[in-house]
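To keep things clear, I will list the structure first and then write my remarks on it.
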Amino acid sequence: MIFDPTPLSADEEALREEVRAFLAETLPDDFRPGLGLGGRHDPEFTRTLAKRGWVGMSIPTEYGGAGASTVRRFVVIEELLAAGAPIAAHWIAERQSAPAFLRFGTEEQRQWFLPRIAAGECWFSLGMSEPDAGSDLASVRTTATPVEGGWRVSGTKVWTTNAHLNHFAAMLCRTTPQGEGDRHAGLSQLIVDLSDDGVHVSPIPLIDGEEHVNEVVLDGVFVPDERVLGEVGQGWAQVTAELAHERSGPDRYLSILGLYRAFLDVHGRDPDDVRAAAIGRVGARLWTIRQLSLAVARSLDQGEAPAVEASLVKDIGTTFEQQVVETLRDAAGIEIDPGGPTMFDRLLAECVLNAPTWTLRGGTTEVLRGIAAKALTRGAR
Amino acid sequence: MIFDPTPLSADEEALREEVRAFLAETLPDDFRPGLGLGGRHDPEFTRTLAKRGWVGMSIPTEYGGAGASTVRRFVVIEELLAAGAPIAAHWIAERQSAPAFLRFGTEEQRQWFLPRIAAGECWFSLGMSEPDAGSDLASVRTTATPVEGGWRVSGTKVWTTNAHLNHFAAMLCRTTPQGEGDRHAGLSQLIVDLSDDGVHVSPIPLIDGEEHVNEVVLDGVFVPDERVLGEVGQGWAQVTAELAHERSGPDRYLSILGLYRAFLDVHGRDPDDVRAAAIGRVGARLWTIRQLSLAVARSLDQGEAPAVEASLVKDIGTTFEQQVVETLRDAAGIEIDPGGPTMFDRLLAECVLNAPTWTLRGGTTEVLRGIAAKALTRGAR
Amino acid sequence: MNADVREAVADLLADRVTPEVLEAAERDGWSAGVWEPLHAGGFTTVGVPEAAGGAGGSVAEACAVLEAAGAAAAPVPVAETGLLAGRLLAAAGLTLPDGPLTTGTGSVTLADGALTGRLARVPWASASARIAVLADGPDGSVVAVVDPSDARIAAGHNLAGEPRETVDLDGVVPETTAPAPADAADLLARRSALARAAQIAGAARRVLEVTVAYTGERVQFGRPVSRFPAVADHLVRIAEQAEMAAMAARSAAVGAGPDGEPAELDVAAAAAVASEAAGLVAAAAHQATGAMGVTREFALGVLTRRLWSWRDEWGGERAWSTRLGHTLAAGGPEQLWPTLSRGVR
Amino acid sequence: MNADVREAVADLLADRVTPEVLEAAERDGWSAGVWEPLHAGGFTTVGVPEAAGGAGGSVAEACAVLEAAGAAAAPVPVAETGLLAGRLLAAAGLTLPDGPLTTGTGSVTLADGALTGRLARVPWASASARIAVLADGPDGSVVAVVDPSDARIAAGHNLAGEPRETVDLDGVVPETTAPAPADAADLLARRSALARAAQIAGAARRVLEVTVAYTGERVQFGRPVSRFPAVADHLVRIAEQAEMAAMAARSAAVGAGPDGEPAELDVAAAAAVASEAAGLVAAAAHQATGAMGVTREFALGVLTRRLWSWRDEWGGERAWSTRLGHTLAAGGPEQLWPTLSRGVR
C-alpha cells in the first residue's frame, strides 16, 4: 500500500480547463451547488453534458461513449462535483450501471442501454437495500419467480434515490429460495422498468425535508429474460464488484466544496487565526485526499485492482467530509439559519442535516474498516 | 443513570481547606507536581500525612483509621492529587489493599495490616498482570502449591509499580490447575512479602525513561496460610471487586492538573482566543467530570453500588486526560523540550510520554466500554 | 424535588407531543395543545417569583422543567416564558402578562415613549402573547413589554423548524416599561445559555433511550445490532455525553441557589459542555441507527435537529469556552483549582 | 525512482539501526556507525547539486531518503546535512564541507567579520562538522559556515533523545561567508518542514508494520488481538493516517520538480497533514499495543517518541494550517478550487 502521487498529463489538464470553462458559462452566477450525492436531477443539463461526451465517458466508442480512461473521467467528474453541478439524472447510470453492463451484460443489452446512457437519455436507480436490512445486503427478500419468458418480481426496496424520476433500476432479487448454506447464493440482478404498472414508488421523507429517496414496491412485475443482468445466481458477486467501483471517487471528498467555498466568501475575508486555521485544515486534507483518490484512479487505468486502498480512501474521505462541516461551523460561530441571508447559512444547514448519510453510502464506516482490517492483518502473517 | 450534583457539607469544605493549608505549608515553592499514578514515592511525606489521619481514611477507627466517609476521603485525595503530592508509597495500600482486608481479610489480618497501613508504614503493590496476558487477567500462570502450613508460589508478575520499594503485594495465583471449564475458577490472592529471598524484582524501563514499574519473579516463595487473602479459589471475584473500587476517583481526571496550571502560568497570561478557548475547554470538562466523580463517591456513601456509572466516569476521565495533553500542546504551539526552562515544558514532555498509559490503568477503554454497553443494552430489553 | 418536577412534566408531555403534533407545530409555528396543559399546570413560569405572577421555585426547578421539555421536544416557548422573559420582567419589578412570552437580543432604543430597533432570531415571537424587550432608554436600560402584533415580524426557523424570527420595532409604543437592573443583559444571557443546556441534556438522554431501543430490536446478520462492538461503542459515547451534559447543566442550575442567579463560570462550563455533547450525541446516534435514523418518520431526527440547533443558540461551545478561558486566565494559576473545585451550593 | 532510493536506504539501514545502536546514540548524541555508510553511499546529500559537492537529485529523491531514515529512526542528521544546510550553502554558491552538517533558526548578526547571536534547538549541533548559519550582514543576508567547536553549545534534546542544542555565537569568525539569496530563510523553512513530514511518513508506515505484527502474534482470550474489533479499528486508523502523511509529503516533494523548491502551499498542506497524522498514529498504536508498547524494550517507543517530536519541529499542525488558511483566504473563493486542484508536477 501507500501510493505515489500521480501527475496529470497536459491533455488531462486541458480537459479540466475545458470542463471548467463550460461550467462557468453554463451555471448561473447565483447557482446553489448541490451537495452529497452529486447535485440535483436535471435532464436538460445531463443532455447538454452528454453532447460534449461527458456522460458515460468510460463507455467504449463502439457503444456510443468516449472510451475515456478512468483518470479522464475522474477529471470531468471532479469538476462537475466541485461546482455542485446537477448531475443526479445520469449519476448512477454512468457510475454503476454502465460498468455493470460492460462487465456482465449481454451484447444485446450493451447495444441497447449503453448508447442511451451515454446520450444522457437513460437513467438508473439502485435497488439493493430492503426494509430492516441495513448493511446486511444479503438478507434480500424480494423474490423473482421464473415464469414463461422471464421472471415475476415481488418485494420492497428502500433508499432508492430518484426512483420517481429514473427509467430503470437494477434490482437484487432472490431467484432461488434461501437454503441452509451460503446466504449469498441464489441472488440475481434484474433490470426493472420503473414505469411498469406493478412498480409503486413512494417517497421516504428525510430529516432535511427532501423527498428524493423512495420506497419501491414491486407487485408482480414482469421482467423478461433478456433483462437479467449477468448470470442468474451470481447477483451477490456482481453487486459487491459494483460497490468496489463506487468507493474512492471524488464524490467522497467534494460534497463539502460548496460549503467550503461559501465559508471563504462569507467568513474568510481577512480571517482571524481561528478561522484561518479552519480554512487551512480543510484545505490541507482536501489537497491530500484528492491525490489519494487520483492515485486510485490512475492505478485502475494501469490494470491494478486497488480494492483495499479504495476502501481506505472512501473511509478517509467521508470521515473528512463530516469533520469539515463541524470545523467550519465551529469556526463560523453562528446560529444555523436554514433561511439565512448568505449561501453559507443555507449550505451549512443542508450539510448538518445531510452529513449523517455521508458515511452510509457505499458501505458504512464499519464495513469499510472491516475490509481494510482484514487486508492489513492478512498482509502481516 | 444520570446523577444529581451533590453539594459538599460545611464540614467537608472545612476539611478541604485544612488539607490545602497543609500542602501550601509542606510542599516547596518550586515543587514539581507528580502526574498520573499519584506522584512520587516519599515515605516521609506518607508518614506526615498519616499523622494527620489522612492515610487509610476509610479504615474504621478500631483498626487505627479515621473511619471517614467516601466523600471525606474523596476530598483529601482530590487535594493531594491536585497538588501532585508524593503519595505513591501508600497509594495502593490505601486505595486497594485496605478495602480488600476489610471485605475479605481475617480478623487477625485486619489487626495486623490495617493499623500499619493507616500509619503509613505498610506499603503495597499489585500483583495481577503477567507476561503476555494484557487485559486477560484470568490467564494467570503463577502457581501456588499447597505445602505444610502454607503455599509455595512460583511465577512472574509484570507492571508491578514500586515493587522495589514496597513491603507487600497481593498476588493473584492459580491454586488449582486450570480445568476445562471456568477460566476464573481456582484463583486465589496471596500476600507476598516482597523482602522474601525468593522474590526477585527487576525494573521494566519505560519510554519516559522511568523505572518505577517492575517485573517480579517469584521463585518458590513461601506464603503461610494466614497470609491468604479471602477464600482460596475466590481470587477472581475478589480482584474484580477491587478493580471496581478504583474506577472513578479523582485520579481519573487530575493527572493533568499540574500541566494545566503550568499552562496558565506560562502561556495563559492575557491569552489570545485560541489559548483562551483551550483553557476554557479543559476547565469546563474538568469542572463537570469532577461533579460526576463526586456523585459516585456520595452514592457509595449512601449504600448504592454504581458500578456502571463508575466505569463511564473512568472512561470519560481518562479520555479527557489524554485530550487535555493534546489540547494544551496544540494551544501552546511549541516544540516539546523535556529539559526546557519552564515547568510547562517539563510537564508537557512527561505527559506526552505517559498519556498512553492512562487508559490502561484499571481496565482498558475497551473493557470499560464493554461493561457499560452491556448495562445499557440490558436496561433496554 | 427537581426529579419530581422532571417526572411530572415528562408525564404530562408523554402522550401530548406526538409525531403528528410535531409536524403540525412545524407548519403552525407552535403547538397550543402542548402549551395549554403546561401553562395550566404552572410549569411555564417555574423559577419566576410568585410576587411577579410566576409559579415560584428555583432556577434548578425551572431547568428540571426544561430537561423534560427538551426530552419531549415540546414545540412551545417554555424556556422563553419563564427563565428568560419572565425573570427579566420580574427583575424589573413588572408583573407577567398571561400567555407565552419571549425575548431576544438586539439593539433597541426607547425615545419619546417609542421603541425602535431590531431583535434577531427571536424564538417563538409570533406565537407569543408579549415580547419582553431590553432597550436603551434616556435614563438607562429599561425593560419594555411589547405586543408582537405591533411589530414587524419576519419568518425564520432553526434546523428543527422552531420559529426564530426577526422582530423590527419601528416606533412601537410599549404597553409598560420599567428600569432594568444594571446586570439584566448579562443575567439574561446566562439564563438563556443555561436553559439551552438543560434542554440539550434532556434531549440527549432521550436520544440514548431511542437509540438503545432501536439497536436492541433491530436484527442484522442474526443478532441485535447493539451487540456489534462498533454500535455498542456509539451507545456508550452517547451515554457518556448525556451524563456530561446533564451533570453540567444541573450543577450550574443547582449552583444558583434557592433565589439566586447561576454563576458566570458555571454557566460557561455548562454551555460549553452541553454544546459539545449535543453534536457528539447526534453524530453517534445517527451512526448507530444508520439510514432509519435520518428518515422523518423515526423519532431520532426530531431530537437531533434540536440538538444541532440549540447547541449554538446564545453562544456555542467555542464562544463559551473562550469566555471561560479568559475568566480562568485572569484568575491566574493559583486560583485555578480553588475556582474549579468550588462545590455546588 | 524514488521507490528505488527508499529501498536502497532501507536495506542499508536495516541491520545497522539496532536497539543497542539507538540506546548508544541517545547517550553519545548520534551514531557514527549509522552515519558512515549513509555518507559513503552518497545518501546524506541527495537533493544538493553536484556542482556544490552534493550527490545531486531532486527534493523528491531527498525525501525518499528521509522516509527510509525516518522509518529506521536513524539517529543521524541526514535531513540537516542535505536538504537543510546543504541546499542552503549551495544556494549561496558555497561548496559543502565534508561530514555531517546542520543549521538552525535564530537571530544572528555578522559585523566586522564576526558572528554574534543565538540559534535555538539546533539539531545535532555538537555532532556536526560544520553549522550553516543564516545571518544579517552589513550588506544584507549572508550564509556563514561555522565550526561548532568555535561556538558555545548547551545541551538539549527532543522527546526521542535526539540532540536539539542551543548554539551561542559570541563573536565567532566564520570559515566562509557568501551573500544569501533573498528567499533563503523562507525556502529553508519550507524544506525543513517538508523534511520532517517525510520522516514522519516513514516512521508512521513503520509503526503500522510493528503494530500489525505485534497484534497479530499476541493472543488474548484465545485469538490474536488484531481480530478484536477495537484493535482492528486502531490498525485501520494507523493505515489511513500513514497513507495521508505519505501522500502529502510525497506530493509536496514531487511538486518541487527536478531542480526546484517545494511550493509554499504544498509544504503547508504536507506539514499540517503529517503533523496531525503523527499524533493520531502514535496514540492509536499505543492504544492497540497496550502496556507492551510503552516499554523501552519494544520497537514502538523509538518511533512514537520521534513522531511526538518531529510533528512540532519547524511548525506544527496549527501553525501550518493557519498559514495555509491565510494564503487560501487571500486567494478568495474563486481561486480556492483551482488552487487546491493544481496537480503535482
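Residue numbers (UniProt numbering), protein chains in the order written: chain X, 1 to 381; chain E, 1 to 381; chain R, 1 to 345; chain U, 1 to 345.
Where is the CB? At the ideal position from N, CA and C, for every residue including glycine.
If you're wondering where the values come from, they're calculated on a predicted model, not measured in any experiment.
Chain R has no Cβ within less than 9 Å of the Cβ of E:Arg329.
Under the three-state reduction of DSSP output, X:Gly220 falls in the strand class.
Within chain X, the residues Asp273 and Val274 have their CB atoms less than 7 Å from the CB of E:Val274, given in chain order.
Exposed is the label assigned to E:Val147, since fewer than 16 other Cβ atoms lie within 10 Å of its Cβ.
Comparing alpha-carbon positions, the option among U:Thr211, U:Trp310 and U:Arg305 lying closest to U:Ala160 turns out to be U:Arg305. Per DSSP, E:Gly155 is one residue of the beta strand (DSSP E) stretching across Gly150 to Thr161. In the DSSP assignment, E:Gln302 falls outside any alpha helix (DSSP H) and carries neither an H nor an E.
The region 165 to 183 of chain U makes no contact with the region 67 to 74 of chain U, as fewer than three CB pairs between them are under 8 Å.
Boundaries of the alpha helix (DSSP H) around R:Pro19: Pro19 to Asp28.
Taking a beta-carbon distance threshold of 9 Å, R:Gly255 counts as an interface residue toward chain E. Partner residues in the beta bridge of R:Ala144, as assigned by DSSP, are R:Val133 and R:Thr177. Assignment of U:Glu165 by DSSP, reduced to helix, strand and coil, places it in the strand class. Partner residues in the beta bridge of E:Ile191, as assigned by DSSP, are E:Ala170. Of the residues U:Ala288, U:Ala299 and U:Arg250, the one whose Cα lies closest to the Cα of X:Asp4 is U:Arg250.
A Cβ-Cβ separation of about 6 Å places U:Glu243 in contact with X:Leu292 under the 8 Å criterion.
Unbroken beta strand (DSSP E) stretches of 3 residues or longer found wholly inside the region 87 to 134 of chain R: 101 to 103, 105 to 111 and 114 to 123, given in chain order. A Cβ-Cβ contact shorter than 9 Å links E:Pro338 with U:His157.
By the criterion of a C-beta distance shorter than 6 Å, E:Ala355 is surrounded in its chain by Gln322 and Val325, once the five residues flanking it on both sides are discounted. In the structure shown, the three-state DSSP call for R:Asn2 is helix.
Taking all protein chains in view, the Cβ of X:Ala10 is surrounded by fewer than 16 other Cβ atoms within 10 Å, so the residue is classified as exposed. Proximity to X:Arg346 across X:Thr377, X:Gln189, X:Leu35 and X:Tyr253 peaks at X:Leu35, based on C-alpha coordinates.
Of the candidates R:Ala232, R:Ala330 and R:Ala51, R:Ala232 places its Cα closest to the Cα of E:Ala375.
Assignment of beta-bridge partners to R:Ala154 by DSSP yields R:Thr166.
Contiguous alpha helix (DSSP H) elements confined to the region 239 to 272 of chain E occur at 257 to 267, taking only those with 4 or more residues. By DSSP's assignment, X:Ala144 forms a beta bridge with X:Val153. For a Cβ distance threshold of 8 Å, residue set Pro229 and Asp233 of chain U lies close to R:Ala230, ordered along the chain.
In this chain, the alpha helix (DSSP H) harbouring R:Gly202 covers Ala184 to Glu217.
Among the residues of the region 104 to 115 of chain E, none has a Cβ less than 9 Å away from any Cβ of chain R. Boundaries of the alpha helix (DSSP H) around R:Gly290: Glu264 to Gly293. Distances from the CA of E:Asp225 to each of E:Leu49, E:Gln109, E:Asn162 and E:Ala93 were compared; the closest alpha carbon is that of E:Gln109.
Within the region 35 to 59 of chain E, no run of beta strand (DSSP E) reaches 3 residues while sitting entirely inside it. Interface with chain U (9 Å Cβ-Cβ cutoff): X:Ala82 is included.
Beta-bridge partners assigned by DSSP to U:Gly56: U:Val46. One Cα belongs to E:Gln178, the other to X:Ala144, and the distance between them is close to 55 Å.
Taking C-alpha positions only, X:Ala185 is separated from U:Val254 by approximately 47 Å. For X:Glu326, a Cβ of chain R is located within less than 9 Å of the residue's own Cβ.
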